[in-house]
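Only one structure is covered here, and it is reproduced in the block below.
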Amino acid sequence: MSDTTHDGAVATSAPPSPDDALTPAELAAKYGLSVSGARPGLIEYVRQLWGRRHFILAFSQAKLTAQYSQAKLGQLWQVATPLLNALVYFLIFGLMLNADRGMPREVYVPFLVTGVFVFTFTQSSVMAGVRSISGNLGLVRALHFPRASLPISFALQQLQQLLFSMIVLVIIAVAFRSYPSLSWLLVIPALALQFVFNIGLALIMARLGSKTPDLAQLMPFVMRTWMYASGVMFSIPVMLSDKDLPGWVTDVLQWNPAAVYMDLIRFGLIDGYGSENLPPHVWAVGLGWALLIGAAGFVYFWKAEERYGRG
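Structure representation (structure tokens):
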């Protein structure tokens with residue numbers, strides 16, 4: 155097709171394309187195009203995460219190694235930090251405030267150390283989750299990978315750190331006359347449930363922290379309040395037995411997930427901490443918290459997958 159211009163030159167124009175009448179969506183479908191960085195389906199997202207499992211493990215191990223690389227004692231601080239916290243809490247709550255009432259000393263010391271170690275596992279997972287996206291924007295923007303890899307990797311890092319601490323916890327339990335028995339095997343499913351719960355919570359906090367970096371400054375106060383309400387330093391039913399409070403207050407405090415997982419591990423590990431100290435249906439409650447927060451956190455994080463690292 156051609157026509158003549160005013161100076162006698164001949165101009166040509168291309169014939170109309172059959173694609174001119176197509177909408178952008180129809181064009182993308184015709185040529186197999188997709189939106190860059192679009193959120194995959196939930197099943198596909200899980201498949202992608204499984205494909206990155208080696209990266210998740212390697213990233214968590216690298217972070218764990220680098221965490222204390224500048225300290226002279228190195229990896230010993232993984233155990234020393236929660237142990238020193240337990241010592242401080244024992245001096246303040248055990249000796250000065252008599253928070254050990256209702257428990258002999260050989261029960262209270264491993265009770266306290268277990269509480270500090272187990273709660274620190276959840277606390278550290280939450281704090282790492284808040285910063286997992288906002289603190290790694292360079293990695294998020296430079297590489298294409300399922301973003302859930304980061305909070306899951308940080309939760310895995312905290313699990314590895316807890317396993318180091320469990321060596322000291324076992325030594326303390328034996329030193330205070332809680333000897334190995336079949337009940338110690340209950341620690342394994344209890345930690346597995348807590349790990350799933352921690353992953354879900356880390357995913358929730360990662361999405362919130364990606365848009366609100368100031369959340370990282372607020373969370374230490376939230377976690378400290380949660381710690382004091384979870385019976386880390388004292389037995390909840392014993393401490394509230396002489397208070398004029400409705401019975402449901404004790405139930406709510408005992409059924410909060412941090413208290414549930416601490417009680418399950420204490421029950422398995424400490425000889426003098428019997429089932430009378432546990433709330434009813436404690437294993438069902440622990441399983442329910444793990445499934446609820448684990449699944450809800452994963453879906454909540456996945457729904458914003460295409461928005462991480464943008465803006």
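By the working numbering, the letter at position 130 of the sequence shown is numbered 284, and the numbering carries on one by one without gaps.
The beta carbon of each residue, even a glycine, is placed where N, CA and C say it ideally should be.
Between the alpha carbons of Ile287 and Ser364 lies a distance of about 6 Å. Here DSSP, grouped into helix, strand and coil, assigns His208 to helix. Counted as a single uninterrupted DSSP element, the alpha helix (DSSP H) harbouring Met320 occupies residues Ser303 to Ala329. Within the stretch 351-438, the complete alpha helix (DSSP H) segments of 4 residues or longer fall at 369-382, 390-394, 401-409 and 411-423, listed in chain order. Rounded to the nearest angstrom, the gap between the Cα atoms of Gln408 and Tyr415 is 10 Å.
Non-local C-beta neighbours of Trp204 in its own chain, meaning closer than 8 Å and more than five positions away in sequence, are absent. Residue burial is scored here from C-beta neighbours: Ser384 has at least 16 other C-beta atoms within 10 angstroms and is therefore classed as buried. Distance from the CA atom of Gln232 to the CA atom of Leu339, rounded to whole angstroms, is 23 Å.
Taking the Cβ atoms as the reference, Gly463 lies roughly 5 Å from Arg295, within the contact range of under 8 Å.
Cβ neighbours of Leu218 within its own chain (closer than 6 Å, five residues either side excluded): Gln311 and Gln314. Sequence-distant Cβ neighbours of Pro391 in its own chain, meaning closer than 8 Å and more than five residues away, are Thr404, Gln408 and Asn431. Leu445 is not a Cβ neighbour of Ala360, given a cutoff of 8 Å. One alpha carbon belongs to Met393, the other to Leu399, and they sit about 11 Å apart.
Judged by DSSP secondary structure, Gly463 falls outside any alpha helix (DSSP H); it is assigned neither H nor E. Restricting attention to Phe213, Leu423 and Leu230, the CA atom closest to the CA of Leu336 is found in Leu423.
Your pair Ser332 and Asp425 checks out as a contact, with CB atoms roughly 4 Å apart and the cut at 8 Å. With a threshold of 16 other beta carbon atoms within 10 Å, Arg378 falls short and is exposed.
CA-CA distance, Val280 to Asp254, rounds to 28 Å. Going by DSSP, Leu293 is part of the alpha helix (DSSP H) stretching over Leu291 to Ala296. In this structure Val284 is buried. Its beta-carbon is surrounded by 16 or more other beta-carbon atoms within 10 angstroms. In this structure, Leu266 lies away from Met381, with their beta-carbon atoms at least 8 Å apart. The shortest CA-to-CA distance from Leu357 to any of Ala329, Leu230 and Ala302 is the one to Ala302. In the structure shown, Tyr199 adopts helical secondary structure according to DSSP, grouped into three states. By the C-beta density criterion, Leu345 is buried, having at least 16 other C-beta atoms within 10 angstroms. About 15 Å separates the CB atoms of Val270 and Tyr427; that is not less than 8 Å, and the two are not in contact.
Of the candidates Ala412, Gly354 and Ala240, Ala412 places its Cα closest to the Cα of Phe273. When only Cα atoms are considered, Trp437 and Leu241 end up about 29 Å apart. If you compare the alpha carbons of Leu418, Gly195 and Val324 with that of His435, the shortest gap goes to Leu418. Relative to the Cα of Ala458, the nearest Cα in the group Gly401, Gln221, Leu362 and Thr268 belongs to Leu362. Residue environment for Pro334: exposed (fewer than 16 other C-beta atoms within 10 angstroms of its C-beta). Straight-line spacing of the CA atoms in Leu317 and Ala282 works out to 17 Å.
Ala444 carries a helical assignment under DSSP once its states are collapsed to helix, strand and coil.
One alpha carbon belongs to Phe299, the other to Gln202, and they sit about 8 Å apart.
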